[in-house]
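Peer 1: Got a structure for you, written out below as structure tokens; questions coming shortly.
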């Protein structure tokens, strides 16, 4: 069963239009940004702050994190690293829920982001009040939410999961006979259902990047590269997942590229991953899986516009002013409630038990 959210459905056209315009703005700014690199690096090293970057942000920012003692990783490892690193100030390059998660896990630290406007279509597609009402209508079900959600949605959940650990946690819950609510990504939810056989009531939302991957366009690319392997993130449509040589989180896809024997791969996730993936497989050819994009005109635009809003100029502004407009602040009680399901996830990572 899937829940439809009327407000989300009505807003999808606006989100897609924003995707195109924001990505264009980011591309136009890229040449100016590169000139800032050395300046920002020196300031960051002197500040004692730690930069935590997601695989999907632009390569300059990933390199900056690597060269200043930070980390480039998926959202699970970002959460763990931010909580364990001794730095009192964290700069999170990603989207808003990642900054919120860092603050929830480390309320004593100051957490900044290059822009607080970098949101996520999955977060937008799961409004907290509507989700709470839905959960209240099914009080017998355990609530499992994807990390790509607001602090308020996490606070209502029993479990928070990332794509790298979702199947394992849901499988363990299903083995105990628990029936679940899953939110927000329907594609990932269906993938988990198929992998575990769990009884899951699915919220209806999707990533505006991953849902644009199309099998028809993939077939055309594979005709040119018939020996290429296909790596697919589980936020992608079912038809893509069914054709994949490997399905997994960002970290799992990077590992698959190194493990599988193919000399080339078509990669169905945000193209920001190519920076770290190419480091692991320098002799392999990486190809972007084609997307239709808004209006059906874009054949390869797999880059999240909100991830693209993370810029060196934003990090520079933080380091110059520690701008309150870039700081993540979360109500203390809300943070305590959201911490519970996040802690369960991190403990499961260590113990493998629910």
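Residue numbers (the working numbering): 36 to 389.
Glycine included, C-beta positions come from ideal geometry on N, C-alpha and C.
Buried or exposed: where does residue 123 fall if 16 or more other Cβ atoms within 10 Å of its Cβ makes it buried?
Peer 2: Walking along the chain shown from the start, residue 123 turns up at place 88. Burial call: exposed.
Peer 1: Measure the C-alpha to C-alpha separation of residue 290 and residue 129 and round it to an integer number of angstroms.
Peer 2: The residue given as residue 290 occupies position 255 in the chain shown. The residue given as residue 129 occupies position 94 in the chain shown. For residue 290 and residue 129, the distance between alpha carbons rounds to 21 Å.
Peer 1: Measuring straight from C-alpha to C-alpha, what distance separates residue 188 and residue 157?
Peer 2: Here residue 188 corresponds to residue number 153 of the chain shown, with the count starting at 1. Here residue 157 corresponds to residue number 122 of the chain shown, with the count starting at 1. Answer to the nearest angstrom: the Cα atoms are 11 Å apart.
Peer 1: Using three-state DSSP, classify residue 41 as helix, strand or coil.
Peer 2: Looking up residue 41 in the chain shown gives position 6. The pLDDT assigned to residue 41 is 48, lower than 50, so where the model puts this residue is not dependable, and the model offers no usable value.
Peer 1: Classify residue 349 as helix, strand or coil using the three-state DSSP reduction.
Peer 2: The residue labelled residue 349 in the question sits at position 314 within the chain shown. The answer is helix: DSSP assigns residue 349 an H, G or I state.
Peer 1: Per DSSP, what kind of secondary structure is residue 86 in: helix, strand or coil?
Peer 2: Here residue 86 refers to the residue found at position 51 when the chain shown is read from its first residue. DSSP places residue 86 in strand when its eight states are reduced to three.
Peer 1: Counting C-beta neighbours from all protein chains within 10 Å, is the total for residue 370 16 or more, i.e. buried, or is it exposed?
Peer 2: Walking along the chain shown from the start, residue 370 turns up at place 335. Counting Cβ neighbours within 10 Å, residue 370 comes out buried, since at least 16 surround it.
Peer 1: Would you mind listing the alpha helix (DSSP H) stretches within the region 236-262 that are 4+ residues and don't spill past its ends, in chain order?
Peer 2: Residue ranges of uninterrupted alpha helix (DSSP H) with 4 or more members, entirely inside the region 236-262 and ordered along the chain, are 250-259.
Peer 1: Quick check on the DSSP output: the beta strand (DSSP E) that includes residue 177 runs from which residue to which?
Peer 2: Within the chain shown, the letter at position 142 stands for residue 177. 177-181 is the extent of the beta strand (DSSP E) around residue 177.
Peer 1: Run the CB neighbour count on residue 232, radius 10 Å, all protein chains shown included, and call it buried at 16 or more, exposed below.
Peer 2: The residue given as residue 232 occupies position 197 in the chain shown. Residue 232 should be labelled exposed.
Peer 1: Going straight from the alpha carbon of residue 237 to that of residue 283, what length do you get?
Peer 2: Translated into the one-based positions of the chain shown, residue 237 becomes position 202. Translated into the one-based positions of the chain shown, residue 283 becomes position 248. Cα-Cα distance, rounded: 19 Å.
Peer 1: Which one or two residues does DSSP pair with residue 124 in a beta bridge?
Peer 2: As a working note, residue 124 is residue 89 in the chain shown. As a beta-bridge residue in DSSP terms, residue 124 pairs with 145.
Peer 1: In chain order, what residues of the same chain have a beta carbon less than 7 Å from the beta carbon of residue 348, not counting five sequence neighbours either side?
Peer 2: Your numbering for residue 348 matches position 313 in the chain shown. Once the five neighbours on either side are set aside, the close Cβ partners of residue 348 are 68 and 71.
Peer 1: Could you give the distance in angstroms between the alpha-carbon of residue 79 and the alpha-carbon of residue 105?
Peer 2: Taking the chain shown and counting its residues from 1, the one referred to as residue 79 is at position 44. Taking the chain shown and counting its residues from 1, the one referred to as residue 105 is at position 70. Taking the straight line joining both Cα atoms gives about 10 Å.
Peer 1: Applying the 10 Å Cβ sphere with the 16-neighbour rule, what's the burial state of residue 168?
Peer 2: Here residue 168 is taken as the residue at index 133 of the chain shown, counted from 1. Classification of residue 168: exposed, given that the 10 Å Cβ count is below 16.
Peer 1: In whole angstroms, what separates the C-alpha of residue 311 from that of residue 322?
Peer 2: Along the chain shown, read from residue 1 onward, the residue named residue 311 stands at position 276. Along the chain shown, read from residue 1 onward, the residue named residue 322 stands at position 287. The straight-line gap from Cα to Cα measures roughly 14 Å.
Peer 1: What does the Cβ neighbour count give for residue 142, buried or exposed, with the cut at 16 atoms within 10 Å?
Peer 2: In the chain shown, counting from the first residue as 1, residue 142 sits at position 107. The residue in question, residue 142, is exposed, as its Cβ has fewer than 16 Cβ neighbours within 10 Å.
Peer 1: Are there three or more Cβ pairs, one per stretch, closer than 8 Å when the region 363-383 is compared with the region 134-149?
Peer 2: With the rule of 3 Cβ pairs closer than 8 Å, the region 363-383 counts as touching the region 134-149.
Peer 1: Short of 7 Å in beta carbon distance, which residues of its chain neighbour residue 386, apart from the five on each side in sequence? Order them along the chain.
Peer 2: Residue 386 sits at position 351 when you count from the first residue of the chain shown. If we look at residue 386 and ignore the five residues flanking it on each side, it has no Cβ neighbours.
Peer 1: Can the beta-carbon of residue 221 be found less than 7 Å from the beta-carbon of residue 234?
Peer 2: Position 186 of the chain shown holds residue 221. Position 199 of the chain shown holds residue 234. No, Cβ-Cβ distance for residue 221 and residue 234 is not below 7 Å.
Peer 1: Mind checking residue 268: buried by the 16 CB within 10 Å criterion, or exposed?
Peer 2: Along the chain shown, one-based indexing puts residue 268 at 233. Classification for residue 268: buried.
Peer 1: State the Cα-Cα distance for the pair residue 207 and residue 352, rounded to the nearest angstrom.
Peer 2: Here the question's residue 207 lines up with position 172 in the chain shown. Here the question's residue 352 lines up with position 317 in the chain shown. Roughly 44 Å separates the two Cα atoms.
Peer 1: Does the Cβ of residue 135 have 16 or more other Cβ atoms within 10 Å, making it buried, or fewer, making it exposed?
Peer 2: Here residue 135 corresponds to residue number 100 of the chain shown, with the count starting at 1. With 16 or more Cβ atoms within 10 Å of its Cβ, residue 135 is classed as buried.
Peer 1: Evaluate residue 164 with the Cβ neighbour count: other Cβ atoms within 10 Å of its Cβ, from every protein chain shown; 16 or more gives buried, anything less gives exposed.
Peer 2: On the chain shown, position 129 is the one that residue 164 refers to. When all chains shown are included, residue 164 counts as exposed.
Peer 1: Across the region 262-278 and the region 89-103, are there enough close Cβ pairs to call them in contact, namely three or more that are closer than 8 Å?
Peer 2: no
Peer 1: Can the beta-carbon of residue 111 be found less than 7 Å from the beta-carbon of residue 117?
Peer 2: Your numbering for residue 111 matches position 76 in the chain shown. Your numbering for residue 117 matches position 82 in the chain shown. No, they are not a contact pair.
Peer 1: So what's residue 134 in DSSP terms, helix, strand or just coil?
Peer 2: Within the chain shown, the letter at position 99 stands for residue 134. Here residue 134 sits in helix by DSSP.
Peer 1: So the candidates are 218, 209, 171 and 197; which of them puts its Cα closest to the Cα of residue 381?
Peer 2: Here the question's residue 381 lines up with position 346 in the chain shown. Per the Cα distances, 197.
Peer 1: What number of angstroms, rounded off, separates the C-alpha of residue 108 from the C-alpha of residue 181?
Peer 2: Taking the chain shown and counting its residues from 1, one reaches residue 108 at position 73. Taking the chain shown and counting its residues from 1, one reaches residue 181 at position 146. Residue 108 and residue 181: Cα-Cα distance of roughly 17 Å.
Peer 1: Using 8 Å for Cβ pairs, my map puts residue 162 next to residue 184. What's the rounded Cβ distance?
Peer 2: Taking the chain shown and counting its residues from 1, one reaches residue 162 at position 127. Taking the chain shown and counting its residues from 1, one reaches residue 184 at position 149. At roughly 10 Å, the Cβ-Cβ gap does not stay under 8 Å, so residue 162 and residue 184 are not in contact.
Peer 1: Spatial neighbours of residue 279 within its chain, please: CB distance less than 8 Å, with the 5 preceding and 5 following residues excluded, ordered by chain position.
Peer 2: Your numbering for residue 279 matches position 244 in the chain shown. So the qualifying residues of the chain are 265, 266, 267 and 303.
Peer 1: If you measure from the beta carbon of residue 351 to each beta carbon in chain B, is any gap under 7 Å?
Peer 2: The structure shown contains no chain B; it is built from a single protein chain.
Peer 1: Tell me the residue span of the alpha helix (DSSP H) that contains residue 224.
Peer 2: By one-based count along the chain shown, residue 224 stands at place 189. That run of the alpha helix (DSSP H) goes 221-231.
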